[in-house]
Each structure stands twice: as C-alpha cells, then as structure tokens.
Amino acid sequence: MEDKELKEVLEILEKAGWQPQLCDTPIPVYESVHAGNPIDPGQIPADMTLVPKALFSLSNEMMVRVSGNSMIDAGIEDGDIVKMAVLASPHEGDIVVVAIGMECTVKSYYVDDDGTPWLVPQNRQEKDRYRVIRLDEETEGVYLCGVVKEVFKPLPRVPGRAMRSIVEETKARYDDEPKISEQRVRRVIKIIGAEIKVGRLWYAVCRSFIDELLIPEKGYDIFCGMVKNVLPYHQHLPKEAEMQVMAVASFTKRVGRWDELNAPVKGKRFRNYKSIAEKTTRLLTMSETEFRSYLDKL
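Residues in the sequence shown are numbered from 4 upward in steps of one, following the working numbering.
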C-alpha cells in the first residue's frame with residue numbers, strides 16, 4: 004500500500020469517529036504463559052509483532068502469549084496476547100502473571116478476609132480442572148512477574164456458509180415481501196404522529212421501519228428526515244441523537260423480540276413503545292383494502 008492510500012484510509016476512519024493508530028513499533032511476544040495449571044515456560048524465543056507506540060507507557064511492559072483456558076470467563080482465551088506491566092503491584096481483581104518455581108501461570112488476584120492472597124482461575128464450566136493457588140508464607144518460590152493491562156485477540160474468520168444464509172434470507176425478504184408505497188408510509192407517519200407526545204417515542208416507529216426494510220439498520224438520520232418532511236411542524240420531531248440513545252439492549256432487535264427485562268424503558272413506558280411499534284407495523288403491512296377500511300373509521 005502506498006503512503007497516499009494509507010493516508011486516505013486513516014482519514015476515512017477518523018471522520019467515522021474511530022481512532023486509528025499505525026502499528027509501527029516492533030516488540031517481542033514471549034510464549035507459554037499458561038492460563039491453566041502452571042507449566043515450565045522453557046527457553047522459547049520470542050516472536051516479534053508490530054503495535055502502535057501509543058499503546059505502551061514509560062513503565063516496563065511486555066507482550067506475552069497465553070496458552071490454556073483457565074481464564075476464559077475473564078475474556079482471556081488460548082492464543083490471546085496480553086500486555087503485562089512488569090513488576091507492577093497488584094490490587095484485588097487484577098489479572099497477574101506469576102512464576103512459581105520455574106513455572107508460570109496467569110490468574111486473578113484475590114485477598115481474603117484474613118489478608119491471605121490467592122490466585123484464582125476463571126472457568127466455571129471446568130472449575131474442577133484448574134486449581135486455586137494459595138499464596139502465603141509457606142508457598143515457596145513465588146514471584147510476581149506483573150499485572151495484565153490489556154488483551155489482544157486474534158479475530159476468527161466467519162464461515163462463508165454462515166454469512167450466505169443470512170444474506171439469502173435478507174434477499175428473500177426483499178424479493179418476497181410486498182413493497183410498501185411512499186404514500187402508505189406518509190399516511191402512517193401522520194397517523195402515528197398524532198399519538199407521539201415525547202420525541203424519543205418515535206424510536207418505536209423507527210424500529211418498525213427498519214424491520215420492514217424501509218430504512219437501513221441505524222438509518223436514524225434517514226428516518227428523522229422522513230418524519231420532518233411529512234410533519235414539519237410536529238411539536239416533538241425525532242432527533243438522531245435520541246434515536247441512538249434508545250437503540251440499546253433488546254431495542255436493537257426486531258420489535259417481536261423486544262424484552263422488557265432487557266430494555267431501556269420499563270413498565271408502562273415499555274408497553275407504550277411496543278404498542279406504537281406494533282401498530283406501525285400493522286399499518287405498514289396490512290392490505291390496501293384493510294388500510295382503506297381503517298382510514299374510513301378514523
């Protein structure tokens with residue numbers, strides 16, 4: 004890649020709100036710090052990898068590759084690379100790299116009510132496989148190597164067949180579902196708009212529009228523009244920022260999968276949001292005959 008192309012990529016990412024950093028600093032990656040029962044690290048030469056310089060502070064730090072899955076519940080899996088602050092003093096809850104004799108292990112650090120420190124694995128499914136290690140005056144040859152500060156994970160490739168099924172399902176929805184006319188959309192916005200008394204409630208309508216493929220996922224700016232075009236003088240026009248605030252937890256899913264236990268609003272407010280969303284969907288998807296009959300009753 005030429006410098007000009009690289010600069011263009013960086014500018015695009017920055018404009019999108021990301022914080023790109025070039026991996027321009029070579030650092031060693033030491034092998035065989037075990038996330039399991041302690042093992043002998045041996046004399047394995049370090050690999051070299053490139054990372055952004057900003058990731059490292061002035062204190063002594065190094066990268067270590069982890070093997071084993073005793074820390075899987077803490078987000079550290081076999082093959083992950085961790086950044087370790089060398090000889091840093093741990094606090095309760097920190098993840099530490101410890102040498103016991105000539106063996107190394109990575110574990111959570113805990114101090115009990117008696118003041119005794121412990122090394123605790125984090126793997127509930129295999130809790131009988133990995134032992135808790137007590138650190139007291141009788142524990143010989145224990146050496147704290149450092150405290151884990153960050154975890155770097157290799158990203159797995161997604162199988163093509165998994166993506167194919169998702170794409171084909173989406174294509175089928177586009178092809179099979181009847182197209183909703185612009186006139187219907189405008190009428191629905193007017194009907195529902197009469198019930199909107201709080202700006203954020205428009206999110207229920209927005210989510211229905213997304214479900215029916217009228218706007219793309221996260222197309223909040225498009226939705227706000229549609230409403231403003233139809234109801235320019237509405238007292239509670241939707242705002243993109245408010246749509247983004249509501250798009251959390253189960254509200255990021257199709258309306259039929261909204262769950263009050265995992266929603267940004269509860270009780271009566273939740274029921275109001277879901278009622279508006281379901282009504283919007285019904286009005287969008289009913290037949291022309293049903294829709295005309297509905298309008299005649301207004």
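Ideal placement from N, C-alpha and C gives every residue a C-beta, glycine not left out.
- Comparing alpha carbon positions, the residue from E198, W261, V268 closest to L234 is E198.
- The stretch 75 to 86 makes contact with the stretch 151 to 165: 3 or more CB pairs, one atom from each, lie closer than 8 Å.
- In the displayed model, K231 falls within a helix according to three-state DSSP.
- Assigned with DSSP and collapsed to three states, L217 falls in coil, not helix or strand.
- Annotation: F254 is outside any alpha helix (DSSP H) and is labelled neither H nor E by DSSP.
- The Cβ neighbour count for S184, taken over all protein chains shown within 10 Å, is under 16; the residue is labelled exposed.
- Cβ-Cβ distances below 6 Å link E245 to G202, R203 in the same chain, with the five nearest sequence neighbours on each side left out; the list follows chain order.
- At a Cβ-Cβ threshold of 8 Å, A77 and G149 do not count as neighbours.
- Here I195 is buried: its Cβ has 16 or more other Cβ atoms, across all protein chains shown, within 10 Å.
- When DSSP reads this structure, M87 sits in a beta bridge with M65, V151.
- For Y146, DSSP records a beta bridge to A102.
- With contacts defined by Cβ atoms closer than 8 Å, P267 and A280 do not form a contacting pair.
- Taking C-beta atoms as the reference points, V101 and V151 fail to come closer than 8 Å.
- Residue pairing of L122 in beta bridges, as defined by DSSP: Y112, I136.
- Straight across, the Cα-Cα distance linking D299 with V12 is about 55 Å.
- It is roughly 8 Å from the alpha-carbon of V109 to the alpha-carbon of M74.
- The three-state secondary structure of S278, taken from DSSP, is helix.
- Proximity to M66 across E153, Q128, V230 peaks at E153, based on C-alpha coordinates.
- For D299, the uninterrupted alpha helix (DSSP H) segment begins and ends at 291 to 300.
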